[in-house]
Amino acid sequence: MIKTERLTKRFGRFTAVDGLDLEVVPGEIFGFLGPNGAGKTTTIRMLTGLLRPTAGCAFIGGYDIHAEPLRAKAILGYVPDEPFLYEKLTGREFLSFMADLYRVDEKRRIDRVAELLHLFGLEERADELVQSYSRGMRQKLAVAAALVHDPSVLILDEPLTGLDPRSARILKDTLRMLAGRGVTVFMSTHIMEIAERICNRVGIIDRGRLIACGTIDELKGLSQKDMASLEDLFLQLTGGTAYAEVVRSLEEGDLP
Amino acid sequence: MRQLLLWKARIACWNYLRSPQARVGTAVLVLMAGALAVMVFGACRFLFKAVQPVLTGATPVPVAPEGELVLLSALYDIGLLILLVSGFAAAFFALHASSDLPLLLAAPFTVRQIFALKFCELAASQLPVVLVVVLPAACGYGAGVGARWSFYPAALLLSLLFLFLPTALAVLAEALVVRVIPPYRVRELGAALGTLLGIVMYAFFYLGSSYFASWGPQEVISLTDRLSFAKPKVSPAHWLAQATVAASRGSLSDFLFWGGLTAVVSFFALVLSFLLVQEAFYTHWVGAAETHLRLRRRPLSAVLVANRRKSLLSLRGPLWALAGKEMRMICRDLREWMEAMYMLVMMVVVTIAPALRRGGSTLLPPELLLYVCLGVAGAISWALVGPLALGCVAREGRSWSFLRSTPITGEQILKGKIMGVVAPVLAPLLAVTLAASLLLGLRDFRLIVVASFVLLVTPGLAALGAWCGTLSPDFNAQNVRQRVGGAAYLFFWVVSLLYAASLAVGVFFVAAGAWTGWRVLVRALGLLWLVIIGVLAFVVGVVLGGREIERREACVR
């Protein structure tokens, strides 16, 4: 499970994440939504131990990520927002490397790597250097690497960016399957439809603060309009309705 | 289009003047360039003034009929070569690695306009070389032969041709090469060839300065007979030299003929390169060529996997994985090797050349020879291992956050990386140090002492380098040389000197055993000291480097 207590991150005077309290239970897919610059990636980086919180703490599977980083990271799978991978390794080598870092035993490693390459359709190009991969292929490889050690907590930062429809579908099905097995999934996304379809619960962050959290139905209940979609609610909560003014101005040609 | 050019120029200027540090750096660069230009001018003036009496027949020696022309042509050949190499690199980055290409291609500009813009960028990047090397050389020639004032505007015009011709030829060569070799491989090969050229030039200037110091005008003139590369009349350097000589003698028609010929050929190269680049933009856009495939040979990897399964000593686990990954990253990227090679050649030239210059090792006292060889071995280890170890953390690039999200400590990362750096380097390092020792005249069992010394000091040196590299790594650096900040680099120098001094104390004790009564004990203490220092350097490097990694946030922006 994932738990944060008053998690805060400041960069100088700027507060990127402000007193975030969250709890994601095993078997749950949690969607983390927010406009650009709201603090999603900063939160995820603190959850994965890449950034040190200014205040508060984060727990992964009961381990404080900053007090016991190795234990927490051992059960964690992470997909970063940009798939920067080792260009001079082949896809197969990269997955084997990640498996070794997580101390996956050799028999399991060979089977698991082959399985993941097959699942994400990377088999044919598994022995090419990563530098020859397209962005989508890199993203698939990053997702495969996060799954190579059967993590019990999975944190994904915009995992569907760059994926083709088939791979996106595979990933969504995989996430549901993993949640069914009791894996905790924490996922940031901009795509409301995906959040609506696969997430059990959703949290909306704006300017570093969690402004709404609950199931899709609970959140829809907060809306002022009947039959509102998650997108409407998101725009209502994050002040995005101002877009209507801009669209109207564009229509009328008022903009310079 | 003009607006775009202006914006480009503004951005370029802004980069040089954006902060007080940048302004200071720019001022220092300008001063250095000015000093270099004065040196080139002075050297050429001195050279042509010295050979002038011989050329004009004032001194009765056999003179080649076109000695002056050949000499000038040879100098221009060197200038053109430098401009071609730098032009090729600049063309590669402008047409393949430039971040603004997708924007420009999507904007309402024709390919010709984009090409013209890129050509202007390239020419501008070549301008400093022309102003610092070519123009002063031509002016130095004019001053040396006592040319009239009208020569100098002509020299300026010729310098512009120098800007135009190599740039066009470089773009042409780049467009042709990229058709045959995938761009990422071109980048590596380019870096390798550029470094080799740098090595040759460095060795030439270092060794050549003493060789040519004793030469007189006659020797210089007689050399022109042997400069066969400068004689072909189809060489652009020869045409430019003809134009320069014509300008110095006031022959306008000859100047226009040779200058015009160069200009026409340059224009032809420019048009051809434009056609090639245009075709590349429309068919296999050059900027997208990074997606060229590079297949690893499946059968070989399958064999390796099979062998690994059969191996009794199955080396798995995070440390070995990190070491293996590091070795692959180094061995598959020529740029990594070239930096180390450059340092290695530099160090060999600096340490071996003085001994050779004095007539070989015969002047070295035999009792000192071993210690000199140990010093040379240490210096060579530093040169080969230093750059690879110093940049080992930053070599992760933007994958760093990925690695830091895994359950691996900073110390483990450093140990794995040090293993990955030292393992591929040891064999060439031993070969080079032993060859250098042999060259200096060391024989018998003492060669084993040198080899053992190398094996002892190298891991510690790599660990210290890796530690210094953790102090200010630049994970976004494209250039291998820019992976660590200047302060970390200087700190590595200081730490290396301290390490060398500590090792020297041990070597001193070992040597001292030969002339005191406590021969065995003192030698044993010296050896023990050496082992302790070697191990301590490794431990200190790993522990402090590991702490530094843990202390820093692992986010790459």
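Residue numbers (this note's numbering), protein chains in the order written: chain Y, 4 to 259; chain G, -8 to 548.
Backbone N, C-alpha and C define an ideal beta-carbon position, used for all residues, glycine too.
**Message:** Once the 5 residues before and after G411 (chain G) are set aside, which same chain residues still bring their CB inside 6 Å of it?
**Reply:** Exclusion of the five residues before and after G411 (chain G) leaves A314, E317 and M318 as the residues of its chain whose Cβ lies within less than 6 Å of its Cβ.
**Item:** Interface partners of F393 (chain G) on chain Y, CB under 9 Å
**Value:** The CB of F393 (chain G) comes closer than 9 Å to the CB of Y81, P83, P86, F87, L88, Y89, M101, A145 and A148 in chain Y, given here in chain order.
**Asked** Are the CB atoms of G182 (chain G) and M332 (chain G) nearer to each other than 8 Å?
**Response** Checking the displayed sequence, the identity of residue 182 (chain G) turns out to be Ala instead of Gly. No, the Cβ-Cβ distance between A182 (chain G) and M332 (chain G) is not below 8 Å.
**Asked** Mapping DSSP to helix, strand and coil, what is I194 (chain Y)?
**Response** In the three-state reduction of the DSSP assignment, I194 (chain Y) falls in the coil class.
**Item:** Unbroken stretches of the beta strand (DSSP E), 3 residues or longer, contained in the stretch 485 to 532 of chain G
**Value:** Counting whole runs of 3 or more residues, the stretch 485 to 532 of chain G contains no beta strand (DSSP E) stretch at all.
**Request:** Kindly say whether S305 (chain G), judged by its beta-carbon, lies nearer than 8 Å to any beta-carbon of chain Y.
**Result:** The predicted model places S305 (chain G) with a pLDDT of 49, which falls under 50 and marks its position as unreliable; any figure quoted below should be read in that light. It does; some Cβ of chain Y falls within 8 Å.
**Message:** Against chain Y, does T282 (chain G) count as a neighbour if the rule is that its beta carbon must be under 8 Å from one of theirs?
**Reply:** Only weak support exists for where T282 (chain G) lies, its pLDDT of 35 falling under 50; the value from the coordinates is given anyway. Cβ-Cβ to chain Y under 8 Å: yes for T282 (chain G).
**Request:** Output the distance between the C-alpha atoms of R287 (chain G) and G80 (chain Y), rounded to the nearest integer angstrom.
**Result:** Below a pLDDT of 50, predicted positions are generally treated as unreliable, and R287 (chain G), at 39, falls in that range; the measurement from the model is reported next regardless. Going from the Cα of R287 (chain G) to the Cα of G80 (chain Y) covers about 28 Å.
**Message:** Within the continuous beta strand (DSSP E) that includes T11 (chain Y), where are the two ends?
**Reply:** According to the DSSP assignment, T11 (chain Y) belongs to the beta strand (DSSP E) that extends over I5 to F14.
**Prompt:** Under a CB-based cut-off of 8 Å, is I399 (chain G) close to chain Y?
**Reply:** So yes, I399 (chain G) belongs to the interface.
**Message:** Contact criterion: CB-CB distance below 8 Å. Does L104 (chain Y) meet it with respect to chain G?
**Reply:** At a cut-off of 8 Å, the C-beta of L104 (chain Y) has a neighbouring C-beta in chain G.
**Asked** At what residues does the alpha helix (DSSP H) containing I2 (chain G) begin and finish?
**Response** Where I2 (chain G) is concerned, the enclosing alpha helix (DSSP H) stretches over R(-7) to L8.
**Request:** In angstroms with no decimal places, state the Cα-to-Cα distance between L394 (chain G) and V486 (chain G).
**Result:** Spanning the two alpha carbons is a distance of roughly 28 Å.
**Request:** Could you check which residue in G:A81, G:V124 and G:A115 has the C-alpha nearest to that of Y67 (chain G)?
**Result:** For the residues G:A81, G:V124 and G:A115, the minimum Cα distance to Y67 (chain G) belongs to G:V124.
**Prompt:** How long is the line joining the alpha carbons of W458 (chain G) and W484 (chain G), rounded to whole angstroms?
**Reply:** Cα to Cα, W458 (chain G) sits roughly 12 Å from W484 (chain G).
**Prompt:** Which first and last residues belong to the alpha helix (DSSP H) in which F110 (chain G) is found?
**Reply:** In this chain, the alpha helix (DSSP H) harbouring F110 (chain G) covers V102 to V120.
**Message:** Using beta carbons (cut-off 8 Å, strictly below), is A77 (chain Y) in contact with chain G?
**Reply:** Chain G contact via Cβ: present.
**Asked** Taking all protein chains shown into account, do 16 or more other C-beta atoms lie within 10 angstroms of the C-beta of I399 (chain G), making it buried, or fewer, making it exposed?
**Response** I399 (chain G) is buried by the Cβ-count criterion.
**Prompt:** So, F83 (chain G) versus E179 (chain G), is the Cβ gap smaller than 8 Å?
**Reply:** E179 (chain G) is positioned such that its CB atom lies no closer than 8 Å to that of F83 (chain G).
**Request:** List the residues of chain Y that A312 (chain G) touches, going by C-beta distances under 7 Å, in chain order.
**Result:** Those are F100, D103 and L104, listed as they occur along chain Y.
**Item:** Close beta carbons around L92 (chain Y), own chain, < 8 Å, minus the five adjacent residues each side
**Value:** Closer than 8 Å at the Cβ level, and outside the excluded window around L92 (chain Y), lie F100, L132 and V133.
**Which of helix, strand or coil DSSP assigns to L125 (chain Y)** = The three-state reading of DSSP puts L125 (chain Y) in coil, since its state is none of H, G, I, E or B.
**Item:** Interface flag, K316 (chain G) vs chain Y, CB-CB below 8 Å
**Value:** Flagged as an interface residue toward chain Y: K316 (chain G), by a C-beta distance shorter than 8 Å.
**Request:** Could you tell me whether the Cβ of R55 (chain Y) comes closer than 8 Å to any Cβ of chain G?
**Result:** When Cβ-Cβ separations below 8 Å define contact, R55 (chain Y) makes contact with chain G.
**Asked** Residues of chain G with a CB under 7 Å from the CB of T51 (chain Y): which are they?
**Response** Going along chain G in sequence order, the residues near T51 (chain Y) (Cβ under 7 Å) are S396.
**Prompt:** What separation, rounded to the nearest whole angstrom, lies between the Cα atoms of M190 (chain Y) and E161 (chain Y)?
**Reply:** Within the model, the alpha-carbon separation for M190 (chain Y) versus E161 (chain Y) is close to 7 Å.
**Message:** Residues of chain Y with CB closer than 8 Å to the CB of S390 (chain G), please, in chain order.
**Reply:** Residues of chain Y whose Cβ lies closer than 8 Å to the Cβ of S390 (chain G) are, in chain order, F87, L88 and Y89.
**Asked** Roughly how many angstroms separate the alpha carbons of V513 (chain G) and G369 (chain G), rounded to a whole number?
**Response** Roughly 22 Å between the two C-alpha positions.
**Prompt:** Mapping DSSP to helix, strand and coil, what is F466 (chain G)?
**Reply:** Of the three classes helix, strand and coil, the one that applies to F466 (chain G) here is coil, per DSSP.
**Prompt:** Between the stretch 108 to 119 of chain Y and chain G, which residues of the former have a C-beta closer than 9 Å to a C-beta of the latter?
**Reply:** Residues of the stretch 108 to 119 of chain Y whose Cβ lies closer than 9 Å to any Cβ of chain G, in chain order: D108, E109, R112 and I113.
**Item:** Length of the line joining the Cα atoms of E199 (chain Y) and D84 (chain Y)
**Value:** CA-to-CA, the gap between E199 (chain Y) and D84 (chain Y) works out to about 21 Å.
**Asked** For the candidate residues Y:Y89, Y:M180 and Y:G59, whose alpha-carbon lies nearest to that of L157 (chain Y)?
**Response** With distances taken between CA atoms, L157 (chain Y) lies nearest to Y:M180 out of Y:Y89, Y:M180 and Y:G59.
**Request:** Locate the beta strand (DSSP E) running through V205 (chain Y), then write down its first and last residues.
**Result:** From DSSP, the beta strand (DSSP E) with V205 (chain Y) extends over R204 to D209.
**Asked** Skipping 5 residues on each side, what residues in its chain have a beta carbon closer than 6 Å to that of A138 (chain G)?
**Response** Here the set comprises S239.
**Message:** Quick check on DSSP: helix, strand or coil for Q239 (chain Y)?
**Reply:** Q239 (chain Y) sits in a helix when the DSSP states are folded into three classes.
**Asked** For S352 (chain G), which residues of its own chain have a beta-carbon under 7 Å away from its beta-carbon, when the five flanking residues on both sides are left out?
**Response** Unreliable placement is indicated for S352 (chain G), whose pLDDT of 48 sits below 50; the coordinate value is still reported in the next sentence. Once the five neighbours on either side are set aside, the close Cβ partners of S352 (chain G) are A346, L360, L431 and G432.
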